[in-house]
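Colleague: Below: one structure in structure tokens.
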Amino acid sequence: IAKGIMEKRPELARQENENKHTPMHLAAKGNQVDVLTVLLEHDQSLGYLISTDGTPVLCIAASEGHVGVARELLKYCPDAPYCGVEGSTCLHVAVSSSKLGFVKFALESQELRHLINVEDNEGRTPLQLALSTISAQKQDDDKEQAIVAALWSHLNLGLRSNPLKMDRRLLEAAIVGHAAEMRILTSHVPGVLLGTTAKGNTCLHIASIHGHKGFCEVAERLEPSLLAAINSDAETPLLVAVAGGRVSVAFVLLMCCRERNQTETILKQDKHGCNALHHAIRRGHTELALELVEAEPALSHAVNEYGESPMFIAVMRDNKDVFDVLLEIPGSAHVGAFGMNALHAAVRNDNSAIARRIMETRPQLASEENVSQNTPMQLAVLLGKIGVLRVLLEHDRSLGYVLSTDGVPHLCSAAFRGHIDVARELLKYCPDAAYAREHTKFVEFAMGSPQLAALVNVRDSDGETPLHIAVQRCNPKMVAALLLHPHTDVTVLNNYGNPASWRLPADQAKTLNWNEVIMLMLKADPQNATSVLNLYKQVKDKVTQSSRKDIKSLTQTYTGNTSLVAILIATITFAAAFTARRI
Numbered sequence: 001i002a003k004g005i006m007e008k009r010p011e012l013a014r015q016e017n018e019n020k021h022t023p024m025h026l027a028a029k030g031n032q033v034d035v036l037t038v039l040l041e042h043d044q045s046l047g048y049l050i051s052t053d054g055t056p057v058l059c060i061a062a063s064e065g066h067v068g069v070a071r072e073l074l075k076y077c078p079d080a081p082y083c084g085v086e087g088s089t090c091l092h093v094a095v096s097s098s099k100l101g102f103v104k105f106a107l108e109s110q111e112l113r114h115l116i117n118v119e120d121n122e123g124r125t126p127l128q129l130a131l132s133t134i135s136a137q138k139q140d141d142d143k144e145q146a147i148v149a150a151l152w153s154h155l156n157l158g159l160r161s162n163p164l165k166m167d168r169r170l171l172e173a174a175i176v177g178h179a180a181e182m183r184i185l186t187s188h189v190p191g192v193l194l195g196t197t198a199k200g201n202t203c204l205h206i207a208s209i210h211g212h213k214g215f216c217e218v219a220e221r222l223e224p225s226l227l228a229a230i231n232s233d234a235e236t237p238l239l240v241a242v243a244g245g246r247v248s249v250a251f252v253l254l255m256c257c258r259e260r261n262q263t264e265t266i267l268k269q270d271k272h273g274c275n276a277l278h279h280a281i282r283r284g285h286t287e288l289a290l291e292l293v294e295a296e297p298a299l300s301h302a303v304n305e306y307g308e309s310p311m312f313i314a315v316m317r318d319n320k321d322v323f324d325v326l327l328e329i330p331g332s333a334h335v336g337a338f339g340m341n342a343l344h345a346a347v348r349n350d351n352s353a354i355a356r357r358i359m360e361t362r363p364q365l366a367s368e369e370n371v372s373q374n375t376p377m378q379l380a381v382l383l384g385k386i387g388v389l390r391v392l393l394e395h396d397r398s399l400g401y402v403l404s405t406d407g408v409p410h411l412c413s414a415a416f417r418g419h420i421d422v423a424r425e426l427l428k429y430c431p432d433a434a435y436a437r438e439h440t441k442f443v444e445f446a447m448g449s450p451q452l453a454a455l456v457n458v459r460d461s462d463g464e465t466p467l468h469i470a471v472q473r474c475n476p477k478m479v480a481a482l483l484l485h486p487h488t489d490v491t492v493l494n495n496y497g498n499p500a501s502w503r504l505p506a507d508q509a510k511t512l513n514w515n516e517v518i519m520l521m522l523k524a525d526p527q528n529a530t531s532v533l534n535l536y537k538q539v540k541d542k543v544t545q546s547s548r549k550d551i552k553s554l555t556q557t558y559t560g561n562t563s564l565v566a567i568l569i570a571t572i573t574f575a576a577a578f579t580a581r582r583i
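For the sequence shown, UniProt numbering gives the first residue as 1, with consecutive numbering after it.
This is the structure:
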């Protein structure tokens with residue numbers, strides 16, 4: 001029945017009952033080895049299940065003393081989880097449950113015997129736990145005494161080389177790659193290969209760091225559990241090899257993991273959340289990266305603590321070979337740092353080929369914003385990436401009309417950066433795209449564009465036209481560009497009743513730009529000469545009040561400019577017939 005259910009409804013194997021037990025946990029608890037085998041034959045990953053309350057299958061087997069269950073589980077999952085949420089390993093559980101048979105099995109098992117030195121959350125090894133149990137309440141229990149004896153016996157096997165501290169001779173052999181010396185040590189000191197450095201590195205870690213492939217092959221054969229060992233940085237030997245650029249060693253360790261079905265070892269992430277695939281791609285090891293993906297496609301799902309997926313890193317490095325493979329994996333992650341995604345990365349590098357593939361398979365990425373509220377489309381506009389922009393618009397023209405969260409249209413961004421080619425491309429696909437912003441070259445382009453020329457007299461929320469803003473910026477080139485357009489209305493007043501000329505900033509009154517702008521405005525609207533003269537007097541009075549020291553230089557600036565004076569006099573005379581009004 002279990003086999004039939006697994007073939008038709010495999011999802012049931014992961015559902016928990018009210019006691020937080022999956023069918024796997026129930027099979028382990030009931031010593032139903034045959035059912036357990038059926039489940040594992042269909043899906044080996046079930047052996048790695050941890051219940052909602054943090055209990056792995058091995059701990060269930062240990063609590064019941066079911067050695068057959070543990071043996072079958074380790075057959076399919078040699079690196080199955082052995083530690084519960086409270087920090088107790090399956091060996092601790094067996095000791096506290098007085099399961100002598102399981103204790104002996106664990107001590108003889110290659111996969112579990114290292115647990116004799118592992119401490120629980122209270123800092124107790126299995127032996128210390130057993131001794132405390134006896135002293136507390138069960139000192140006359142023969143089974144408890146037998147458990148202590150078994151633990152002592154196993155611990156004494158390595159007294160000449162403390163398993164918690166790596167033998168100096170082994171460390172030196174691992175550094176230089178002397179596999180023969182390692183063999184001699186293992187023949188005389190049982191358990192010597194389980195020793196670690198202060199950083200938690202085993203001899204396999206050390207040899208991997210130094211790139212000794214031969215040493216690694218021998219060490220792994222002598223002690224397979226070393227493959228899954230992690231150091232204080234949560235790195236396996238495979239991770240150490242890949243991160244250190246030891247490609248040949250990484251290939252060997254990967255092959256060993258595959259041969260021993262150590263899926264979790266391959267998928268392991270270090271303390272920063274990076275797995276072997278992250279490191280391989282970042283270091284540019286394309287062949288190794290492809291081999292890793294082939295071995296475990298699930299590597300593509302991992303995201304490190306910086307928010308980076310393997311796909312994002314591949315695109316950032318323009319690695320299309322790896323990207324193409326990752327894109328085909330269902331559920332592969334595409335997120336990146338700073339809230340970006342793989343399409344943002346393609347835009348950054350102006351990689352049209354990758355952008356096209358993403359738009360064909362994951363078009364939704366085009367609408368995702370990064371931390372700065374920029375979509376890939378907005379980023380393409382800001383960076384002036386014409387090639388990628390064209391790809392996005394060819395695939396979906398509506399992207400040209402999408403506003404960012406802060407309400408900035410794409411044409412605004414193009415105007416802000418002065419990207420005329422970008423604006424031209426946008427208007428090619430979206431002739432009625434939203435608009436705004438200012439930039440001299442862009443203003444010149446806009447005045448020559450049929451789609452944008454109509455904006456010349458459009459007012460903003462303050463009632464100001466582009467001319468008001470250009471004058472406020474004190475930008476004579478921009479003002480001149482706007483005044484050249486035949487439909488520019490220089491008489492428009494803003495919400496405060498002021499014409500464009502009155503937007504000239506007083507703090508720039510001494511500059512040539514100020515003089516040039518005011519002359520341009522006088523020439524364009526001579527009837528407004530009185531108002532301009534009032535502005536001139538107002539600015540002069542303001543400067544006089546602020547600093548008498550500047551009066552002389554300010555007077556020279558204006559009275560010395562004969563052209564300005566001549567224009568003022570001429571326009572005042574011309575406007576004499578008009579009734580002067582105060583603005």
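Cβ atoms here follow ideal geometry from the backbone N, Cα and C, with glycine treated the same way. None of these values were measured; they are calculated from a predicted model.
1. Which residues in the same chain as residue 406 place their Cβ atom closer than 6 angstroms to its Cβ, once the five residues preceding and following it in sequence are excluded?
2. Of the choices 350, 511, 34 and 146, whose alpha-carbon is the least far from that of residue 317?
3. Specify whether the stretch 43-50 and the stretch 229-242 touch according to this definition: at least 3 beta carbon pairs, one from each stretch, less than 8 angstroms apart.
4. Confirm, please, whether the CB-CB distance from residue 91 to residue 112 is below 8 angstroms.
5. If we count Cβ pairs, one from each stretch, closer than 8 angstroms, do we get three or more for the stretch 55-66 versus the stretch 29-40?
6. Starting from residue 340, trace the alpha helix (DSSP H) in both directions and tell me its first and last residue.
7. If you compare alpha carbons, which of 129, 488, 468 and 485 is closest to residue 505?
8. Kindly indicate which three-state DSSP category residue 486 falls into: helix, strand or coil?
9. Which residues in the same chain as residue 183 place their Cβ atom closer than 6 angstroms to its Cβ, once the five residues preceding and following it in sequence are excluded?
10. Does the pairing of the stretch 99-110 with the stretch 204-219 give three or more beta-carbon distances under 8 angstroms?
11. Just reading off the alpha helix (DSSP H) that residue 242 is part of, what are its end residues?
12. Taking the alpha helix (DSSP H) that residue 515 belongs to, which residues open and close that run?
13. Is residue 391 near residue 355, with beta carbons less than 8 angstroms apart?
14. Use the C-beta contact count for residue 99: other C-beta atoms within 10 angstroms, 16 or more gives buried, fewer gives exposed.
15. For residue 191, tell me which candidate among 517, 498 and 203 has the shortest Cα-Cα distance.
16. To which residues of the same chain is residue 297 closer than 7 angstroms at the C-beta, ignoring the five residues directly before and after it?
17. Helix, strand or coil for residue 83, going by three-state DSSP, please let me know.
18. Taking only the alpha-carbon atoms, compute the straight-line gap between residue 259 and residue 25 and give it to the nearest angstrom.
19. Does residue 55 come out as helix, strand or coil in the three-state DSSP assignment?
20. With distances taken Cα to Cα, identify the nearest neighbour of residue 381 among 360, 347, 362 and 358.
21. Near residue 162, what residues of its chain come up, given a Cβ to Cβ distance below 6 angstroms and the 5 sequence neighbours on each side ignored?
22. Are there 16 or more other CB atoms within 10 angstroms of the CB of residue 470, so buried, or fewer, so exposed?
23. Please list, in chain order, all residues of the same chain as residue 414 whose beta carbon is under 6 angstroms from its beta carbon, the five residues on each side excluded.
24. DSSP on residue 375, reduced to helix/strand/coil?
25. Could you round the C-beta distance between residue 492 and residue 465 to whole angstroms and report it? I think they count as a contact, below 8 angstroms.
26. Is it buried or exposed for residue 323, if we count other Cβ within 10 angstroms and need 16 for buried?
27. Quick test of the definition: if touching needs 3 or more C-beta pairs under 8 angstroms, does the stretch 146-153 touch the stretch 164-173?
28. What whole-angstrom Cβ distance do residue 312 and residue 345 have, given they're in contact under 8 angstroms?
29. Hey, could you find the ends of the alpha helix (DSSP H) residue 214 is sitting in?
30. List the whole-angstrom C-beta distance separating residue 74 from residue 109, where the pair is believed to meet the contact cut-off of C-beta under 8 angstroms.
31. Which residue or residues does DSSP assign as beta-bridge partners of residue 50?
32. Just how far apart, CA to CA, sit residue 370 and residue 419?
33. Compare the beta carbon distance of residue 241 and residue 208 with 8 angstroms and say whether it is the shorter of the two.
34. Could you check which residue in 306, 528 and 310 has the C-alpha nearest to that of residue 276?
35. Under three-state DSSP, which class holds residue 13?
Modeller: Short version:
1. 373
2. 350
3. no
4. For the 8 angstroms CB-CB criterion, residue 112 and residue 91 form a contact.
5. Because the criterion of three Cβ pairs below 8 angstroms is met, the stretch 55-66 and the stretch 29-40 touch.
6. Unbroken run through residue 340: none, as it is neither H nor E.
7. 468
8. coil
9. none
10. Three or more beta-carbon pairs separated by less than 8 angstroms are not found between the stretch 99-110 and the stretch 204-219, which leaves the two stretches without contact.
11. 237-243
12. 512-524
13. Yes, the Cβ-Cβ distance between residue 391 and residue 355 is below 8 angstroms.
14. buried
15. 203
16. 329
17. In this structure, DSSP gives residue 83 an extended state, which the three-state scheme calls strand.
18. 26 angstroms
19. coil
20. 347
21. Per-residue confidence for residue 162 stands at a pLDDT of 42, beneath the threshold of 50, marking its modelled position as unreliable; the derived number appears in the next sentence. Nothing meets the Cβ criterion.
22. Answer is buried; the Cβ neighbour count reaches 16.
23. 381, 422 and 423
24. coil
25. 5 angstroms
26. buried
27. no
28. 6 angstroms
29. 213-222
30. 7 angstroms
31. 56
32. 21 angstroms
33. With a cutoff of 8 angstroms on beta-carbon distance, residue 241 and residue 208 are scored as near each other.
34. 310
35. helix
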